[in-house]
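Participant: Provided herewith is a single structure, encoded as structure tokens, for subsequent inquiry.
There are 2 protein chains.
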Amino acid sequence: MGKKILIIDDDLHVGNVLEEALEKEGYVVSRAYSGTEALLYLSGTKPDLVLLDLMLPGLSGEEVLPRIKGIPVIVVSAKVDIDNKVDLLLGGAVDYVTKPFQMKELLARISVHLRESIGADDSGILRCGDLVLDADRRTVILGGNDVRLTRTEFAILKLLMQNPSLVVTKSQILDRIAQDTPDCTESSLKTHISHLRAKLRAAQGMDYIEAVWGIGFKMNEKKENP
Amino acid sequence: MGKKILIIDDDLHVGNVLEEALEKEGYVVSRAYSGTEALLYLSGTKPDLVLLDLMLPGLSGEEVLPRIKGIPVIVVSAKVDIDNKVDLLLGGAVDYVTKPFQMKELLARISVHLRESIGADDSGILRCGDLVLDADRRTVILGGNDVRLTRTEFAILKLLMQNPSLVVTKSQILDRIAQDTPDCTESSLKTHISHLRAKLRAAQGMDYIEAVWGIGFKMNEKKENP
DNA sequence: AGAGGAAAGGAGGGGTCCGTCATGGGGAAA
DNA sequence: TTTCCCCATGACGGACCCCTCCTTTCCTCT
């Protein structure tokens, strides 16, 4: 599924043009027309990227910006006198584009920052208790024994371990492993999780993967017992 | 000093009732009796919040609304057929109340939006006494023990904790959690609140959620006892 | 004080989601 | 071609969650 992008702009015309162009590129677009509405939306949903206009009713873009955490924000502004560019970047923006802008350029910047937010560190070793995953060697070791995983199982486990003790939604998992296995549906995901758990359980009794009802899954690093 | 509120309403009676109630709450109230007068006033003074009637002589409320920038506007209208609610919110209103309205509810909404315009920083972690909610990890910890909540319960608690010691109306809660549980009604909300309270009480004796008669609920952070 | 309305809490039904197994298809290696 | 591995699908039992209904308790206003 496409990446989710939130457009925060009170200008209907500009917003519509953006939305149309982005959806044409396969993105899933949401809209917010004021700073408060945006914060309300973000409190419930995490898009993959935010396009933020500075001229907003209510909370201004500058005020909204520092409250957006963990999501790349591209500022889209008509203000020509951007000598506060530094302030924007310090405030959390990853990039900025001035109106009027070339749609191609904006799309390019979007794809750059989306890739960043996904990949970031695509190498290295991930740990979670006794569980060690080596992304480069594509191996998983659990308490001395190494565990043999299929490609899909490995991708799922890696995604979970990249966000330790953080909930990963089912759609996020499906998005991520879509590169390897495009046809994976929500129901078949259950099977993969089941296999993955079985293999980890065979190497050690503990259950690392925890289900969050109606949301998704998360890694559980702490041992539970009296 | 009290926050400044501008009432834009040509109806003397309604305006007087509003003014009296607001001043009783400690707000500083100004009045405007037409759209043009309001814009004139706003060009010189910036109140913290605006109450706007839609039925105005001269410039209508809908016309005035988009010209008010940077100040939260609550629309107070007698129009029952608000299918243009969306238009209002798009036009810059942060909220709306239909006449006849409960003064309590209006006051609650006013305090919410005033608070919003000041700020309440939004990191993923919310605290209220010993109660800690992590929106990212989707966990709730109360005095060391972590509390296991359902999706709906979590959404409700999160919304309440985002507005600490402020009243959240039932309809606000329903609007907010509609994404997760669309069928939730006002009566079933009571059950969720009940379950939520039971779980919090099991982890610690204190009751964090307080009912506000006829309006909604609020978080209570101070311990009450002799 | 009494009536009406609102909130609290418990019980139960029904629907949704999860975990697991069995089955079949498809691709790669032997 | 045969074999093996991997993945998707469907079914099913069980767990979980949400809503409705009901009764009791509490608040507010007359």
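Quick mapping for you: the protein sequence lines, in order, are chains A and B. According to the numbering used here, the first sequence is numbered sequentially starting from 1. According to the numbering used here, the second sequence is numbered sequentially starting from 1001. Quick reminder that beta carbons are idealized off the backbone N, C-alpha and C, glycines included. Keep in mind the model is a prediction, meaning the values are calculated, not measured.
#1: Quick one: give me the first and last residue of the alpha helix (DSSP H) that G1061/B is part of.
#2: Quick check: what's the CA-CA separation for Y1041/B versus V76/A?
#3: Which of helix, strand or coil does DSSP assign to K1024/B?
#4: Alpha carbon to alpha carbon, what distance is there between R1109/B and I177/A?
#5: Which term fits R1055/B, buried or exposed, when burial requires 16 or more other beta carbons within 10 angstroms of its beta carbon?
#6: Considering L1051/B, what are the terminal residues of the beta strand (DSSP E) in which it resides?
#7: Run down chain A in chain order and give the residues with a C-beta less than 8 angstroms from the C-beta of T1169/B.
#8: Would you identify the three-state DSSP class for M1206/B, choosing helix, strand or coil?
#9: Can you have a look at K46/A and say buried or exposed, based on whether 16 or more other CB atoms are within 10 angstroms of its CB?
#10: Using a Cβ-Cβ cut-off of 8 angstroms, state whether L1136/B counts as contacting chain A.
#11: Please report whether the beta-carbon of Q1172/B lies at a distance below 8 angstroms from any beta-carbon of chain A.
#12: What are the partner residues of T169/A, as DSSP defines its beta bridges?
#13: Do you know offhand how far R1151/B's Cα is from K218/A's?
#14: Looking at the secondary structure, which residues open and close the alpha helix (DSSP H) in which K1046/B lies?
#15: Taking V50/A as the reference, give the member of P72/A, G35/A, G61/A, S60/A with the closest Cα.
#16: My assumption, with CB atoms under 8 angstroms, is that L1174/B sits in contact with C1184/B. Please give the rounded CB distance.
#17: Compute the distance between the beta-carbons of L106/A and V97/A, then report whether it is under 8 angstroms.
#18: May I ask you to report which of helix, strand or coil DSSP gives I1177/B?
#19: Would you grab the beta carbon distance between D1130/B and G1143/B for me? Rounded to a whole angstrom, and I think it's under 8 angstroms.
#20: Please name the residue in T36/A, L65/A, M103/A, V28/A whose C-alpha comes closest to that of D48/A.
#21: DSSP three-state call for S194/A: helix, strand or coil?
#22: At a CB distance below 9 angstroms, what residues from the segment 196–218 of chain A approach chain B? Give them in sequence order.
#23: Where do the N-terminal and C-terminal ends of the beta strand (DSSP E) with I1141/B fall, by residue?
#24: CB-CB under 6 angstroms to I141/A, same chain, minus the five flanking residues each way: which ones, in chain order?
#25: Based on the DSSP output, what are the partners of R1031/B in its beta bridges?
#26: Taking a contact to mean a Cβ-Cβ separation below 8 angstroms, would you say G216/A touches K170/A in this structure?
#27: Leaving out five residues before and five after E186/A in sequence, what residues of the same chain have Cβ atoms less than 6 angstroms from its Cβ?
#28: Do I5/A and V64/A count as a contact pair if the criterion is CB distance below 8 angstroms?
#29: In chain B, which residues lie with their C-beta within 8 angstroms of the C-beta of S182/A?
#30: Using the Cα positions of R1138/B and M1103/B, report the straight-line distance between them to the nearest angstrom.
#31: Identify which residue in M1206/B, G1205/B, D1136/B, N1220/B has its Cα closest to the Cα of L1166/B.
#32: Pull out every residue of the segment 51–65 of chain A whose Cβ sits closer than 8 angstroms to any Cβ of chain B, in chain order.
#33: Spatial neighbours of K199/A within its chain, please: C-beta separation below 8 angstroms, excluding the five flanking residues on both sides.
Facilitator: Based on what the coordinates show:
#1: 1061–1064
#2: 31 angstroms
#3: helix
#4: 44 angstroms
#5: One point to set straight first is that residue 1055/B is Met, not Arg, in the sequence displayed. Classification for M1055/B: exposed.
#6: 1049–1053
#7: Residues of chain A passing the Cβ test: none, with the nearest at roughly 14 angstroms.
#8: coil
#9: buried
#10: In the sequence under discussion, the amino acid at residue 1136/B is Asp, which differs from the Leu named in the question. Closer than 8 angstroms to some Cβ of chain A, the Cβ of D1136/B qualifies, so yes.
#11: no
#12: G216/A
#13: 15 angstroms
#14: Here K1046/B belongs to no alpha helix (DSSP H), and DSSP marks it neither H nor E.
#15: P72/A
#16: 6 angstroms
#17: yes
#18: helix
#19: 5 angstroms
#20: V28/A
#21: helix
#22: V212, W213, G214, I215, K218
#23: 1139–1142
#24: V132
#25: I1007/B
#26: yes
#27: K170
#28: no
#29: Ser is not the amino acid found at residue 182/A; the sequence shown has Pro there. What P182/A touches in chain B: nothing, since even the nearest Cβ is about 27 angstroms away.
#30: 36 angstroms
#31: N1220/B
#32: P57, G58, L59, S60, E63
#33: V147, R148, L149, E153
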